[in-house]
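This is the structure in structure tokens:
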């Protein structure tokens, strides 16, 4: 239980802050690497990501394992996996960070509003959330696929529209509980404004949950993108994304493990990096909550 | 094919019972035993008037019989419930003499009334049979309804006379389709819309158990009218099983035949292990994978463009991508189909020539288009290979990767410039060249909603096709096949399709399975001819 | 309480009505014609129109919807277009399997997720905590197909501890439930950890510590009940996930659940099945969320139902 005393003993707290900064640095470096890989892919990638190379397949049509020429091996069409990962980072960053971030934002806003103000607004918001949750998202995706030209932005929009629901639900439950706590009531009697209570007291308590959902959401949305693209609303072949590399090749994970485990590791690494940064960011944003995870 | 037609010629002349060469079951075959077959998708229905998919096609064949049948493992017709038949000199009247003493699973004897009832039922629009269109040549088809087909008459309890409105050389094949199976009226009436779950037929097996979404059990029909078969006591079908897992279970001795074949991800593993490879059965399929080029959408209205695309596709590479499980195609018909044009080389792979042709059409800089494809592996991969080939001659094709229903809709509506047919492609309903023309290349199918996704309509070729199908006289069979060959050569001349490959079927069986290989890659009873296989222990 | 419940039940009915309307509408505008699928490749235009008429698909949208609702109220979910079987029967045959797997999976998620979450919270910042954090990210990011097949391969094929897929006995349930439990445990463990850390630094826990209560007693009796609140909301969400998207796990383990039925129906535009499955799963989700809201005040009495 030494952790509990951390708050009271400044030296330990400072130490914790330091290590947190170090981990944050690691996180930032990873994110910077992924982002620059995505941005500079045309210069960094050893091959055209869509070039189905003749020597990229065996005569029997099997993909090549990692070797001197293809550092991460080739895929089922004889394309260089490393180059595809670099280019795929563009898609996956937009989905995992932008779309997922948007979903997080909507979910948090809805959840806080419904949980804090309750009343008929809260009722309507939460019933709407229930409706969205009960609604078959796959079907919506198929309909959109048939109506719109497929594009990255549509899939990002669908993910944002579908994924906020769960966050809203969890934030709602937590906010309902927080809103009734003594310290909030005390603030109110002291005449604190609603916005002060929300930003100074409610939001900081919700940060850990938001970080959990935001970072785990990176992984799930990157994979969800592949499913949605499969149904025709997202990026279409041959455009690479981390999700669709896994999705296309997952049945081959025994005969060509590199095709599944390398992009999988990339997704995990990206989500972890955001988690590290998120934890540190929370400390910076809210010094009073230092030591709390 | 020729042999069959020769034998029917004898019938024509002498009106004797058909003595078409029949099949001699494996002499070593032992009766008894139970086998297990798996499928990924659920079995939709066992109603022979409705069932039209991969899983239930061969299952229905084992539960029901039609007037005609095929010699196991081949595409050769033989009589089924009909003992013999006669064709009138004008080719319009078919008189079938039924076998006496054939019993339905419910114990009642089958009569000519049942044959009429079954044909009336399948063509009645209320039945909503996807196969009703096959019976279009029977007189009265246009007015088919609850009143029945005027062209089908019961002469006596064992004779049925079918009158056609036009000569139809494929009619005997139509009578061998599942849709023409004979069903007992009382069982259909009793089960109502649930007949597909409570099937009663005359087939070698009867349905013993069906747990929805899990398993079906077929039991041997001890009263089966063909002597000596079937061998197996029962067949268990397990559904909802991933093909990779089905293969693992086969390797573990729990499954005898994986209904969905060897999954691509396991193919190299299986083939590189001699013990497993020797149990792999390879067979041709009456299948062609093709790209449709929509002649109604510019620039595919120019024949040079269509020819250029034919020359641009590297078919060998595509075959390599699917692990060599196909042969490159040169024409719409697969090589094992009668009427296939031997010696025709098709459009050779020649990107430079293709570019020249494009330039001739005034498109030296290429153009942009869309390629529709169904979203199940390996089709998106094949589409990407096609995309790369097109890019090499300057054509930028965007891939539209969609669920099959969406692709079919776009194809029918004529909004898709190019479609890769894989996954929705044409596996012949019956082994006759006409089956590859009407709905997918003829004018009738080019109407909105039709399956002719090229929207190709050449009335001259249509007339030739009709003329070919009127040559019902078996003595003219060679002439008829030559006429069909001409039709397809005419199609290739105008190049509304790029025939890409003819798929070969690779399946596997457990060690204990007996019976010749042809039974496991039966071109008609896909994927297994259950009536003739047997187990060794 | 009774008034609250009544109001929520009425709201739930409205939600289901809304879901049915939107789904029906989406299927109506979906550019894929179910009649074409029924009529087959060789059908003539007349046949197609005839079938369309029989199914009432030629009627205006609102008439079609009203007919569907009218039948539904009388307990008739219609017949599948392609299988011709009663939709109610199809769902009935698969629902028990889905519910069983859902229960098993949530149980595994809770056991794995809560244990990992509590352990991580107690050893916060230590190597164990960090290992568990990485583990949670790995499980959440792992493709279902790969995890399912790996577990099946190791525990069923190689070790032979469990049957290679199927349905019926407890042994059949273990592997798919554990697979789903592992895949979903990351969410629970991360939520549990953050909630637990929050509670552990609350005043009453310090008081309890000062009173000299044992660590286990503090954690289990005082901290856990207060920390578990967000987890309850998670279960409600999970029901939605399980009713909608476990097709892959179902098909690897040959589990006859509702997911495979829905997936096949969506691919083939079998409208009655899609509607039926959507409504049944919407019902389960709405019910799950209602229960989550009802349970919340029992755990945290400060929350009032309003």
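Protein chains in written order, with our numbering: chain A, 242 to 534; chain B, 3 to 539; chain C, 20 to 325. Beta carbons are placed, not taken as given, at the ideal position from N, Cα and C, and that holds for glycine.
Option in the options with minimal Cα separation from residue i
i: residue 429/B; options: 110/B, 524/B and 307/B; result: 524/B
i: residue 501/B; options: 436/B, 332/B and 396/B; result: 332/B
i: residue 471/A; options: 535/B, 352/B, 404/B and 230/B; result: 404/B
i: residue 1/B; options: 472/B, 34/B and 539/B; result: Because chain B spans 3 through 539 in this model, residue 1/B falls outside it and cannot be assessed.
i: residue 387/A; options: 315/C, 42/C and 48/C; result: 48/C
i: residue 546/B; options: 458/B, 62/B and 248/B; result: Absent from the structure is residue 546/B, since the part of chain B shown begins at 3 and ends at 539.
i: residue 356/B; options: 435/B, 102/B, 311/B and 105/B; result: 311/B
i: residue 87/B; options: 93/B, 99/B and 511/B; result: 99/B
i: residue 175/C; options: 302/B, 293/B and 247/B; result: 247/B
i: residue 188/C; options: 115/C, 159/C, 150/C and 52/C; result: 115/C
i: residue 25/B; options: 393/B, 72/B, 54/B and 40/B; result: 72/B
i: residue 256/B; options: 512/B, 538/B, 91/B and 537/B; result: 512/B
Residue i to residue j span [Cα, whole Å]
i: residue 427/A; j: residue 420/A; result: 11 angstroms
i: residue 243/B; j: residue 271/C; result: 6 angstroms
i: residue 449/B; j: residue 415/B; result: 8 angstroms
i: residue 141/B; j: residue 52/B; result: 22 angstroms
i: residue 182/C; j: residue 299/B; result: 54 angstroms
i: residue 476/A; j: residue 396/A; result: 8 angstroms
i: residue 118/B; j: residue 74/B; result: 26 angstroms
i: residue 405/A; j: residue 352/A; result: 9 angstroms
i: residue 522/B; j: residue 534/B; result: 10 angstroms
i: residue 150/B; j: residue 158/B; result: 18 angstroms
i: residue 281/B; j: residue 250/B; result: 14 angstroms
i: residue 146/C; j: residue 478/A; result: 42 angstroms
i: residue 343/A; j: residue 30/C; result: 28 angstroms
i: residue 93/C; j: residue 288/B; result: 47 angstroms
i: residue 515/A; j: residue 402/A; result: 22 angstroms
i: residue 91/C; j: residue 120/C; result: 27 angstroms
i: residue 266/B; j: residue 519/B; result: 21 angstroms
i: residue 22/C; j: residue 336/A; result: 43 angstroms
i: residue 199/B; j: residue 104/C; result: 8 angstroms
i: residue 131/B; j: residue 93/B; result: 26 angstroms
i: residue 176/B; j: residue 70/B; result: 8 angstroms
i: residue 169/C; j: residue 127/C; result: 18 angstroms
i: residue 148/B; j: residue 129/B; result: 10 angstroms
Outcome for residue i when other beta-carbon atoms lying within 10 angstroms are tallied against a minimum of 16
i: residue 372/B; result: buried
i: residue 491/B; result: exposed
i: residue 322/B; result: buried
i: residue 315/C; result: buried
i: residue 305/C; result: buried
i: residue 327/B; result: buried
i: residue 8/B; result: Unreliable placement is indicated for residue 8/B, whose pLDDT of 36 sits below 50; the coordinate value is still reported in the next sentence. Burial call: exposed.
i: residue 423/B; result: buried
i: residue 533/A; result: Here the model assigns residue 533/A a pLDDT of 44, short of 50, so the residue's position is not dependable, and the following value carries that caveat. Under this definition residue 533/A is a buried residue.
Partner residues on chain C for residue i, Cβ-Cβ distance less than 7 angstroms
i: residue 477/A; result: The premise fails here: residue 477/A is roughly 18 angstroms from chain C at the closest Cβ pair, so nothing lies under 7 angstroms.
i: residue 296/B; result: In chain order: nothing, as chain C lies at least about 17 angstroms away.
i: residue 461/A; result: 159
Contacts of residue i in chain A (Cβ-Cβ under 9 angstroms)
i: residue 45/C; result: 377, 380, 381, 383 and 384
i: residue 507/B; result: Neighbours of residue 507/B on chain A: none; closest Cβ ~17 angstroms, over 9 angstroms.
Interface partners of residue i on chain B, CB under 8 angstroms
i: residue 62/C; result: 132, 134 and 135
i: residue 471/A; result: 377 and 403
Chain-ordered neighbours of residue i on chain A, where CB pairs are closer than 7 angstroms
i: residue 382/B; result: 478
i: residue 35/B; result: Residues of chain A passing the Cβ test: none, with the nearest at roughly 32 angstroms.
Chain-ordered chain A contacts of residue i [CB-CB under 8 angstroms]
i: residue 326/B; result: 301 and 302
Per-residue contacts from residue i into chain C (C-beta, under 8 angstroms)
i: residue 42/B; result: 270
Would the region 429–444 of chain B and the region 170–187 of chain B be scored as touching if the rule is three or more Cβ pairs under 8 angstroms?
-> yes
Evaluate contact between the region 239–253 of chain C and the region 279–294 of chain C, counting only Cβ atoms and requiring at least three cross-stretch pairs below 8 angstroms.
-> no
Counting Cβ pairs, one atom from each stretch, are 3 or more of them under 8 angstroms apart for the region 37–51 of chain B and the region 234–242 of chain B?
-> yes
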